[in-house]
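Report on the following structure.
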Amino acid sequence: MSRDDKRRRKRRQRTEGDPKSVWIMMSAAVVLGVVIIAMVAQLVRLNRQGERLNTQTKTEASVDNSAKNSKKAGESKKAKGTEAPQETQEPAVEHIRKNLDPDKPMVALTFDDGPYDRVTNRIVKVLAKNDSRATFFVVGNRVERYADTMKNAFNKGNQISTHTFDHGDLSKMKKKQIRRELTRAFRVMKKINGEEPTMLRPPYGNVNDKMRRTIKIPMIYWSVDTEDWASRNSKKILKKCKSISDGDIVLMHDLYPSTAGAVEKLVPKLRKKGFQLVTVEELFYYKGIDAEGGKVYFSGK
Numbered sequence: 001m002s003r004d005d006k007r008r009r010k011r012r013q014r015t016e017g018d019p020k021s022v023w024i025m026m027s028a029a030v031v032l033g034v035v036i037i038a039m040v041a042q043l044v045r046l047n048r049q050g051e052r053l054n055t056q057t058k059t060e061a062s063v064d065n066s067a068k069n070s071k072k073a074g075e076s077k078k079a080k081g082t083e084a085p086q087e088t089q090e091p092a093v094e095h096i097r098k099n100l101d102p103d104k105p106m107v108a109l110t111f112d113d114g115p116y117d118r119v120t121n122r123i124v125k126v127l128a129k130n131d132s133r134a135t136f137f138v139v140g141n142r143v144e145r146y147a148d149t150m151k152n153a154f155n156k157g158n159q160i161s162t163h164t165f166d167h168g169d170l171s172k173m174k175k176k177q178i179r180r181e182l183t184r185a186f187r188v189m190k191k192i193n194g195e196e197p198t199m200l201r202p203p204y205g206n207v208n209d210k211m212r213r214t215i216k217i218p219m220i221y222w223s224v225d226t227e228d229w230a231s232r233n234s235k236k237i238l239k240k241c242k243s244i245s246d247g248d249i250v251l252m253h254d255l256y257p258s259t260a261g262a263v264e265k266l267v268p269k270l271r272k273k274g275f276q277l278v279t280v281e282e283l284f285y286y287k288g289i290d291a292e293g294g295k296v297y298f299s300g301k
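So in the numbering used here, spot 59 of the sequence shown is number 59, and the numbers just go up one at a time.
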């Protein structure tokens, strides 16, 4: 083979090899392009999923908040226009009944030192059965332990007021101590019932001028003392109640089963005699007494 023939063969081999290289490069470019397109598509898809998830989360949160608001607001059917639904509390029990007869006799039974489930619940039950109510002057340090008992009495329309937090003698305290004692009682009662008490039964019945100047709510005494704490005897308690008359405030304690036993007999007896058994708030309302803070009241007479 001549030298020229060898040169021509080499040129032909190089020429034949070039298309293969071009094909390989083109194939690689196509594959790379496909990979890039796939990656872009994946990113777009992930971005859309993220947007959809974010929208769904916001929607679920909105629905959840709406459900909570609806539960608290009772899903009001009177929403107007595009106003946002307002969160409201459940309708409160009317604690001053407007359907009582002011011309018929009224008496306010009051109970100190509770709540105590074994006694308080019995009293609340017989009151409810006879369309009657009473006032419970509770001790703050017992409230959380017997929260359900107090809440039940409150929900049945009974008045829940304070007998201080620790049953301390306020007449022996400084002004700062008096305020602290009542503030603690108010706070724990509001936590359970949603409202602060409006009246105070002073422990031991002790009141002095310092208390009158410091305490901003009315202080409630009594006109009939059953002395149930001393006798712890239902018959003796009932005997003390024979003198009950219109406007009386009766002192008892919801700590003793004997007191509950007496109340279970007393309430229906008073109802048969024509008495309306009311809270102290109701008694003052119907008797036209505008009770003032720092003053002491013995009855509705």
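Just so it is clear, CB atoms sit at the ideal spot from N, CA and C, and this is done for glycine as well.
None of the values given here were measured: they were computed from a predicted structure.
Asked, Found
"The stretch 99-117 in contact with the stretch 130-146 per 3-pair CB rule at 8 angstroms", "yes"
"For Met-189, three-class secondary structure by DSSP", "helix"
"Reduced DSSP category for Asp-258 - H, G, I as helix; E, B as strand; rest coil", "In the sequence under discussion, the amino acid at residue 258 is Ser, which differs from the Asp named in the question. Of the three classes helix, strand and coil, the one that applies to Ser-258 here is helix, per DSSP."
"Inter-residue spacing [alpha-carbon to alpha-carbon] between Ile-220 and Leu-251", "10 angstroms"
"Residue nearest to His-253 in terms of C-alpha spacing, selected from Cys-241, Arg-212, Glu-196 and Glu-227", "Glu-227"
"Beta-carbon separation (whole angstroms), Ser-223 vs Ile-237, contact threshold 8 angstroms", "That pair is no contact at about 16 angstroms."
"Nearest neighbour of Lys-98, chosen from Val-296, Leu-283, Lys-295 and Gly-294 [CA to CA]", "Leu-283"
"Coarse secondary structure for Leu-251, derived from DSSP in three states", "strand"
"Asp-166, DSSP secondary structure in three states", "coil"
"Straight-line Cα distance separating Gln-177 from Gly-274", "44 angstroms"
"Top-ranked residue by Cα proximity to Leu-109, from Val-263, Gly-293 and Glu-292", "Val-263"
"Residue from Lys-239, Gly-140 and Thr-214 with nearest C-alpha to Lys-269", "Lys-239"
"Contact check, Ser-161 vs Met-106, beta carbons under 8 angstroms", "no"
"Residue span of the alpha helix (DSSP H) that contains Thr-369, given as start and end", "Any property of residue 369 remains undetermined from this structure, which presents the chain solely from 1 to 301."
"Buried versus exposed, by CB contacts within 10 Å (16 or more), Ala-153", "buried"
"Selection from Val-278, Arg-187 and Lys-287 that minimises the alpha carbon distance to Val-139", "Arg-187"
"Rounded separation between Val-305 and Arg-213 - CA only", "This structure gives no information on residue 305, because the portion of the chain shown stretches from 1 to 301."
"Alpha carbon of Ser-292 to alpha carbon of Ile-215, nearest angstrom", "Rather than Ser, the amino acid found at residue 292 in this sequence is Glu. Near 10 angstroms, if we compare the C-alpha coordinates of Ile-215 and Glu-292."
"7 angstroms CB neighbourhood of Glu-51 in its chain, flanking five on each side removed", "In this predicted model, Glu-51 has a pLDDT of only 46, less than 50, meaning its place in the structure is not dependable; the value taken from the coordinates is given anyway. So no residue of the chain qualifies."
"Residues sharing a beta bridge with Val-296, DSSP", "Met-219"
"Environment of Tyr-204 [buried if 16+ CB atoms lie within 10 Å]", "exposed"
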